[in-house]
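Colleague:
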Amino acid sequence: MSVPALSTDALVAGYERDLPIVRGIDFSVGIGELVVVLGPNGAGKSTLVKAIAGLVTIHSGAIRLGDRDITSAPAHEKVHQGLAFVPQTENIFTTLTVHENLLVAANILAKETRSRRISELYALFPDLAARPSLKAGQLSGGQRQMLAVARALIVAPSVLILDEPSAGLSPKVAADVFRTLKSINETGVTIILVEQNVKAALAIAHRGVILVDGKRRHEGPAATLAGDPIVAELYLGAHRAPPAVGA
Amino acid sequence: MIAQAIMDGLIAGAMIGLGAIGITLTYSILRFANFAHGELLSWGAYIALALSDGLGYLSASLMLPVGPFSFGWSLPLAAILAVALTGTLALLADALLFGRLRAKGGTIIIMVMASFGAALTLRSLLEFLFSTKPAYYSKALQIALPLGGEMRATPDQLLTLGLAAVLVIAIHLLLTRSATGRSMRAVSENQQLAGIVGIDVRRIIRIVWLLGAGLACVAGIMAGLVVQIRPHMGHDLLLPLFAAAILGGIGSVPGAMLAGLIVGLSEAIAVQVIGAEWRAAVAFVILVAVLLTRPQGLLGRAA
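Protein chains in written order, with this note's numbering: chain A, 1 to 247; chain B, 248 to 550.
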């Protein structure tokens, strides 16, 4: 059996020890998979990915990136090991130019490869290539998300995690973001996507995982989940208890 | 008289500006007003004095004045070592006090109060080690050179102005053109995001302490060279330093230097126009006026 790109084992995490938000999640993503994490507000989706990225205290459990244990690694070391994270908000440096945002992220690459990698990213995001000297704070919402994704891709991560990349974007721009994520995944990058935009996210994902109250409650192929009444019920806050994991 | 006041103001402003750069860097990255920064000026000046005297003891020729200046080679050599040692002192203060408070989630007010305590401790230690008697790098008298337009300045004073200009340009280039500088600006804007783009935030904090303390040391040596060395010299400069850091705009190196010159000039002109007893009030008036009318400062970004 091949080693997953990323996995968690009984992960418990949160901002206060007595009040864990993620409560014992076992979760794994295969190499090259695009997995969407869904769930109602307060389910622990963002806390889960922040804990994986090293931004939230982990109280117990383990996180593995490939076969390496990265549970206690600080956020900046996880990037060096191939894990890139795009937060929902404040995901670019607004006082730096577009090019400086990419340069800052490229610092961890070998000097001789930085320029080439930035050129590759500009080729992937021509909208950014057109305005390298613009302060990032002056970009539109969609351009900011593209810069945040480009910034994360600079290090050629093995796993890219995004927390609600379509939040606050118009439907057209959000569709562009999803299209871009799909094409990035098709290059072999494993993607974990937290989204409230269930339909659009499931449309590009291979698999969906549903969290409720900090626990994994349901998962399945994206195409199946898209037509699953349980998904709708969970989002509509129905009272019927969801089935056990793996149902 | 006014022409000479302008020259005196520029010289004082250069020292204030260098000190303010350290304050603005530490404030923008560590997010608290470090009231112990003035003590780094004093410690820098005294460390350079002790090392310079020590070098002079080893070789008297090092104390012989270099060219038109009042000091020998012992002072520039001592200054290089003093910059490193003052930086080490700042790192020590961070490791023993500020870093521990940060790790425990210390609020801004706790950090500020801790910096008051650190300032008091460092100042008292200087008084204990060196006494409160003024000290000098050199007892040699210097004749002020005419610069035209009733302006005069000693070679030492002109050197401090030139050195301040070189250092400001160097720091500005470091922040805008180097990878470390970009990382410092990134950490200044968003520490959490800086971490997830792969920047070692703790390393950047150490660099900021070293840089801020190094500049404070240079400013202290300049003040010691053109005025005198006293344990309270940094403490007395604290209000002008903060006025300059805030007037320039927190985080802006050119802003801090420009504002340092403005504060220095304002103080010097106030002495001529309304009397020396009002000198100290000038920085306070500037500070309050900026906070009321343009809190982001001259070159800072609006919140």
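Where a beta carbon is used, it is the ideal one built from N, C-alpha and C, also for glycine.
1. Report the start-end ranges of each alpha helix (DSSP H) in the region 35 to 92 of chain A that is 4 residues or longer and not cut off at the edges.
2. K386(B) by DSSP, collapsed to three states: which one?
3. What does S430(B) touch in chain A if you count any residue whose Cβ is under 8 Å from its own?
4. Between the beta-carbon of I161(A) and the beta-carbon of F93(A), is there less than 8 Å?
5. Short of 7 Å in beta carbon distance, which residues of its chain neighbour N185(A), apart from the five on each side in sequence? Order them along the chain.
6. Taking the alpha-carbon of G396(B) as reference, which of L339(B), A250(B) and Y383(B) has the nearest alpha-carbon?
7. What residues in its chain sit with their C-beta under 8 Å from that of I58(A), if we drop five residues either side in the sequence?
8. What three-state label does DSSP hand A283(B) in the structure shown?
9. Using the C-alpha atoms, what's the distance from G495(B) back to F318(B)?
10. Suppose you measure from the CA of K45(A) to the CA of L38(A); what does that come to, to the nearest Å?
11. Tell me the DSSP bridge mates of L328(B)?
12. List the endpoints of the continuous alpha helix (DSSP H) containing K172(A).
13. For a cutoff of 8 Å on Cβ pairs, would you count Q439(B) as touching chain A?
14. Quick one, which of T335(B), P542(B) and Y304(B) has its alpha-carbon nearest G461(B)'s?
15. Could you name each continuous beta strand (DSSP E) segment of 3 residues or more that falls completely within the region 307 to 373 of chain B, going from the start of the chain to the end?
16. Hey, how far is the Cα of H76(A) from the Cα of L546(B)?
17. Rounding to the nearest angstrom, what Cα-Cα distance links R240(A) and A226(A) in this structure?
18. If I'm right that S430(B) touches I451(B) with Cβ under 8 Å, what's the distance once you round it to whole angstroms?
19. Here's the rule: buried if 16 or more other CB atoms are within 10 angstroms of the residue's CB, otherwise exposed. What is I154(A)?
20. Would you tell me roughly how many angstroms separate the C-alpha atoms of T187(A) and L181(A), rounded to the nearest one?
21. Of all Cβ atoms in chain A, is any one closer than 8 Å to the Cβ of G502(B)?
22. Determine, for L225(A), whether the minimum Cβ-Cβ distance to residues of chain B falls below 8 Å.
23. Within the continuous alpha helix (DSSP H) that includes I416(B), where are the two ends?
24. Does L96(A) come within less than 8 Å of chain B when only Cβ atoms are used?
25. Using beta-carbon positions only, say whether A295(B) and A259(B) come within less than 8 Å of one another.
26. For Y15(A), does the count of other Cβ atoms within 10 angstroms reach 16, so buried, or fall short, so exposed?
27. At a Cβ cut of 9 Å, what residues of the region 62 to 82 of chain A count as close to chain B, listed as they run along the chain?
28. By alpha-carbon positions, which one of R114(A), L147(A), R116(A) and P165(A) ends up nearest to A130(A)?
29. Is the region 130 to 146 of chain A in contact with the region 161 to 174 of chain A, if contact means three or more CB pairs nearer than 8 Å?
30. Run the CB neighbour count on Q404(B), radius 10 Å, all protein chains shown included, and call it buried at 16 or more, exposed below.
31. Skipping 5 residues on each side, what residues in its chain have a beta carbon closer than 8 Å to that of R453(B)?
32. Along the chain, which unbroken stretches of the beta strand (DSSP E) at least 3 residues long are found entirely within the region 191 to 233 of chain A?
33. Would D341(B) pass as an interface residue toward chain A - the criterion being a Cβ-Cβ separation below 8 Å?
34. Quick one: what's V159(A) bridged to in DSSP?
35. May I ask you to verify whether the region 354 to 363 of chain B touches the region 480 to 491 of chain B, counting CB pairs closer than 8 Å and requiring at least 3?
36. The alpha helix (DSSP H) that contains F27(A), what's its start and end?
Modeller: Based on what the coordinates show:
1. 45 to 53 and 75 to 80
2. coil
3. V104 and N107
4. no
5. Cβ contact annotation for N185(A) (same chain, cutoff 7 Å, sequence separation greater than five): L34 and I191, in chain order.
6. Per the Cα distances, A250(B).
7. L11, V12, A13, A51, T71 and S72
8. coil
9. 33 Å
10. 7 Å
11. Answer is none; L328(B) lacks a bridge partner.
12. P171 to E186
13. yes
14. T335(B)
15. Counting only runs of 3+ residues, no beta strand (DSSP E) is found wholly inside the region 307 to 373 of chain B.
16. When rounded, the separation of the alpha-carbon atoms in H76(A) and L546(B) is 31 Å.
17. Here the model assigns R240(A) a pLDDT of 49, short of 50, so the residue's position is not dependable, and the following value carries that caveat. So the two alpha carbons sit approximately 19 Å from each other.
18. 6 Å
19. That one is buried.
20. 10 Å
21. no
22. It does not; no Cβ of chain B falls within 8 Å.
23. Counting along the chain, the alpha helix (DSSP H) containing I416(B) begins and ends at P402 to R424.
24. Yes, because at least one Cβ of chain B sits closer than 8 Å to the Cβ of L96(A).
25. Going by C-beta atoms, A295(B) is not nearer than 8 Å to A259(B).
26. exposed
27. For the region 62 to 82 of chain A, the residues whose beta carbon sits under 9 Å from a beta carbon of chain B are, in order, P74, A75, H76, E77, K78, V79 and H80.
28. L147(A)
29. yes
30. buried
31. L338 and D341
32. 207 to 212 and 215 to 221
33. D341(B) has a beta carbon lying at 8 Å or more from every beta carbon in chain A.
34. L83(A) and T190(A)
35. No contact exists between the region 354 to 363 of chain B and the region 480 to 491 of chain B.
36. Note, F27(A): premise wrong, no alpha helix (DSSP H); beta strand (DSSP E) at V22 to V29.
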